[in-house]
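Here the sequence shown is numbered in numbering that gives the first Met the number 0, starting from 0 and rising by one per residue. What follows is one structure encoded as structure tokens, with my remarks underneath.
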Amino acid sequence: MKYIKSIPNAIHSEKVFWGLNGYFGFVFSEEKIKKSRFIVVSVMPLIILSFVLPLIFKIFGFYHWYLLVLCIVNAGGACVDIFNIILVAKQVPSKGMVFNNGMRTLFK
Numbered sequence: 000m001k002y003i004k005s006i007p008n009a010i011h012s013e014k015v016f017w018g019l020n021g022y023f024g025f026v027f028s029e030e031k032i033k034k035s036r037f038i039v040v041s042v043m044p045l046i047i048l049s050f051v052l053p054l055i056f057k058i059f060g061f062y063h064w065y066l067l068v069l070c071i072v073n074a075g076g077a078c079v080d081i082f083n084i085i086l087v088a089k090q091v092p093s094k095g096m097v098f099n100n101g102m103r104t105l106f107k
């Protein structure tokens with residue numbers, strides 16, 4: 000059975016960085032990624048942390064007001080990801096490749 004990998008070769012690549020920045024976790028990749036995959040990678044934190052995880056907590060009865068606050072904060076922080084999705088969707092050609100070079104996001 001095939002599964003969807005968001006970031007190609009994320010575990011073994013030397014171009015993918017994982018870490019904590021203060022209180023927040025992040026993943027940064029310098030791999031070349033298709034436009035559609037970039038959009039999926041950008042929207043996944045919002046979907047998983049703000050919708051799927053609270054639903055799972057609610058199903059198993061582990062739902063607390065503090066978790067709701069964290070989900071709302073995550074949704075607010077995801078507005079930058081949504082802005083990136085809009086920019087990439089409008090500016091990058093349909094078969095384009097997106098990659099990060101330091102603080103710059105470029106496409107080909």
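Beta carbons: idealized from backbone N, C-alpha and C, even for Gly. Source: prediction; values computed, not measured.
Self-check item: Pair within 8 angstroms by beta-carbon distance, PHE82 and GLY95
Solution: Note that the C-beta distance between PHE82 and GLY95 is not below 8 angstroms.
Exercise. Identify every residue that forms a DSSP beta bridge with PHE98.
Key: LEU105
Quiz item: Based on the DSSP secondary-structure assignment, which residues constitute the bridge partners of ILE32?
Solution: VAL97
Quiz item: Quick one, which of PHE37, GLY60 and GLY21 has its alpha-carbon nearest GLN90's?
Solution: PHE37
Practice problem: Quick one: measure Cβ to Cβ for CYS70 and LEU48, integer angstroms, because I've assumed they're closer than 8 angstroms. | Solution: 7 angstroms
Practice problem: Leaving aside the five residues before and after PHE56 along the sequence, list all residues of the same chain whose C-beta is less than 7 angstroms from its C-beta, in chain order. | Solution: Closer than 7 angstroms at Cβ, skipping near neighbours: TYR62 and LEU66.
Quiz prompt | Cut-off 7 angstroms between Cβ atoms - residues of its own chain near LYS122, not counting five sequence neighbours on either side | solution = As displayed, the chain neither begins before 0 nor continues past 107, which places residue 122 out of reach and without an answer.
Quiz item: Got a sec, what are the start and stop residues for the alpha helix (DSSP H) TYR65 sits in?
Solution: Start and end: 64-76.
Quiz item: If you follow the alpha helix (DSSP H) that PRO92 is part of, which residue opens it and which one closes it?
Solution: Neither: PRO92 is in no alpha helix (DSSP H) and is coded neither H nor E.
Quiz item: How many Å lie between SER93 and SER35 at the Cα?
Solution: If you take the alpha carbons of SER93 and SER35, they lie about 8 angstroms apart.
Practice problem: Flag this pair as yes or no: are the beta carbons of PHE27 and ASN99 separated by less than 8 angstroms? | Solution: Cβ distance < 8 angstroms, so PHE27 and ASN99 count as in contact.
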